[in-house]
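Okay, structure first, notes after.
In this note's numbering, the protein residues as written are 4 to 313.
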């Protein structure tokens, strides 16, 4: 922005004849993160930490990951102000205006079906999978529907129906499948992630875990509800590896000896005990009126007692 400020070098400030340009510094649309209590690496750039992301999220700001010239993550994020987000969206919308059904409405639907295939300019700026899926849908319509009753109808791709926080409609494409409910993969929460994304997600979970424990500890100390306090305490013990109850082993020592052999062993022990009792009684001068005789019992093949009552 350039303002013409009248100045009289001879002392006449109201003279319009002598002027010089006053050049203002360019307007910086990047957010001032220091106002949010975030330490900046440079204007709008900070470290990728849980605290910084939380502060940006509360301020309704989005961010981009910062990579170096070799494509590796630097551990920094660049915040985008609301103004930057809208400017970025408007640039993308202007590039895709040929796809809009109503060019005067930035939130209108995209051209789909035969209208998209017939518009050469529009078909040049859509993803390849959209054209392929649209041709498949058109072919199915011409043949009268799916080739089998068990097969789902072909989906017709269209514009994602999600309205973002800035009031603008998402400009990505949905697949047209019924189960996608008109949402793109981004808003469906697609699980397809790169290895680096998974690692960043694990790092975020690792960073935030300590805060989760703090919340549990606070609930255990200050919660008014006893069930809440008990749940928080058990969760902390569980994370610490302390389990309630008794651990029961599942190792079982299977005795594979025949039942007849076990019965014979028990009878031998009873016979030895009876004989020992008789000897002790005789040595002490006690006459036994009756001595029970334990005879050998030949067990059946199935191990049952032959003298047992039926």
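Using N, Cα and C, we set each Cβ at its ideal position, and we do this for glycine too.
For residue 151 and residue 33, the rounded distance between their alpha carbons: Taking the first residue of the chain shown as 1, we reach residue 33 at position 30. Taking the first residue of the chain shown as 1, we reach residue 151 at position 148. Going from the Cα of residue 33 to the Cα of residue 151 covers about 55 Å.
Buried versus exposed, by CB contacts within 10 Å (16 or more), residue 132: Taking the chain shown and counting its residues from 1, the one referred to as residue 132 is at position 129. The residue in question, residue 132, is exposed, as its Cβ has fewer than 16 Cβ neighbours within 10 Å.
For residue 142, the first and last residue of its enclosing alpha helix (DSSP H): Residue numbering aside, residue 142 sits at position 139 when the chain shown is read from its first letter. Counting along the chain, the alpha helix (DSSP H) containing residue 142 begins and ends at 131–146.
Reduced DSSP category for residue 89 - H, G, I as helix; E, B as strand; rest coil: Looking up residue 89 in the chain shown gives position 86. Three-state DSSP puts residue 89 in a helix.
CB-CB length for residue 178 against residue 160, believed under 8 Å: Mapped onto the chain shown, residue 178 falls at position 175. Mapped onto the chain shown, residue 160 falls at position 157. With 8 Å as the limit, residue 178 and residue 160 qualify as a contact, their Cβ atoms being about 6 Å apart.
Residue 207 vs residue 53 beta-carbon contact at 8 Å: Numbered from 1 along the chain shown, position 204 holds the residue referred to as residue 207. Numbered from 1 along the chain shown, position 50 holds the residue referred to as residue 53. Cβ distance < 8 Å, so residue 207 and residue 53 count as in contact.
Inter-residue spacing [alpha-carbon to alpha-carbon] between residue 50 and residue 121: Counted from its first residue, the chain shown places residue 50 at position 47. Counted from its first residue, the chain shown places residue 121 at position 118. The straight-line gap from Cα to Cα measures roughly 48 Å.
N- and C-terminal bounds of the alpha helix (DSSP H) containing residue 60: Position 57 of the chain shown, counted from the start, is the residue given in the question as residue 60. Per DSSP, residue 60 belongs to the alpha helix (DSSP H) from 53–61.
Same chain, Cβ closer than 6 Å to residue 67, neighbours up to 5 away in sequence not counted: The count along the chain shown starts at 1 and reaches residue 67 at position 64. Contacts found: 81.
Selected residue, minimal CA-CA separation from residue 76, among 202, 209 and 262: Residue numbering aside, residue 76 sits at position 73 when the chain shown is read from its first letter. Ranking 202, 209 and 262 by Cα distance to residue 76 puts 202 first.
Helix, strand or coil at residue 218 [DSSP, three-state]: If you number the chain shown from 1, residue 218 lands on position 215. The answer is helix: DSSP assigns residue 218 an H, G or I state.
For residue 40, three-class secondary structure by DSSP: For the purposes of this step, residue 40 is taken as the residue at position 37 of the chain shown. Looking at residue 40 - three-state DSSP - the assignment turns out to be coil, as it is neither helix nor strand.
Residue 171 beta carbon less than 8 Å from that of residue 109: Numbered from 1 along the chain shown, position 106 holds the residue referred to as residue 109. Numbered from 1 along the chain shown, position 168 holds the residue referred to as residue 171. Closer than 8 Å, so yes.
Given residue 86 as reference, the closest of 45, 217 and 63 once Cα atoms are compared: Locating residue 86 in the chain shown gives position 83, where the first residue counts as 1. Residue 86 has its Cα closest to that of 63, out of 45, 217 and 63.
Coil, strand or helix - residue 77 by DSSP: As a working note, residue 77 is residue 74 in the chain shown. Three-state DSSP puts residue 77 in a strand.
Burial state of residue 97, where buried means 16 or more other Cβ atoms lie within 10 Å: Within the chain shown, residue 97 is the residue found at index 94, counting from 1. Classification of residue 97: exposed, given that the 10 Å Cβ count is below 16.
Bridge-paired residues (DSSP) for residue 50: Residue numbering aside, residue 50 sits at position 47 when the chain shown is read from its first letter. Partner(s): 79.
Neighbourhood of residue 55 by C-beta distance below 6 Å, restricted to the same chain and skipping five residues each side: What you label residue 55 is simply residue 52 of the chain shown in a count that begins at 1. Only 41 and 49 meet the Cβ criterion.
Distance CB(residue 169)-CB(residue 88) smaller than 8 Å: Against the chain shown, residue 169 aligns to sequence position 166. Against the chain shown, residue 88 aligns to sequence position 85. A contact, by the Cβ cut-off of 8 Å.
Burial state of residue 115, where buried means 16 or more other Cβ atoms lie within 10 Å: In the chain shown, residue 115 corresponds to position 112, counting from 1. Flag for residue 115 reads buried.
Residue 2: first and last residue of the uninterrupted alpha helix (DSSP H) it sits in: Because the chain here runs from 4 to 313, residue 2 falls outside it and cannot be looked at.
Beta carbon of residue 128 nearer than 8 Å to that of residue 99: The residue you call residue 128 lines up with position 125 of the chain shown. The residue you call residue 99 lines up with position 96 of the chain shown. Contact flag set, yes.
Residue 187 versus residue 176: straight-line alpha-carbon distance, rounded: Mapped onto the chain shown, residue 187 falls at position 184. Mapped onto the chain shown, residue 176 falls at position 173. When rounded, the distance between both Cα atoms is 6 Å.
Residue burial classification, residue 47 (beta-carbon count within 10 angstroms, cutoff 16): By 1-based counting over the chain shown, the position of residue 47 is 44. Its Cβ being crowded by 16 or more others within 10 Å, residue 47 is buried.
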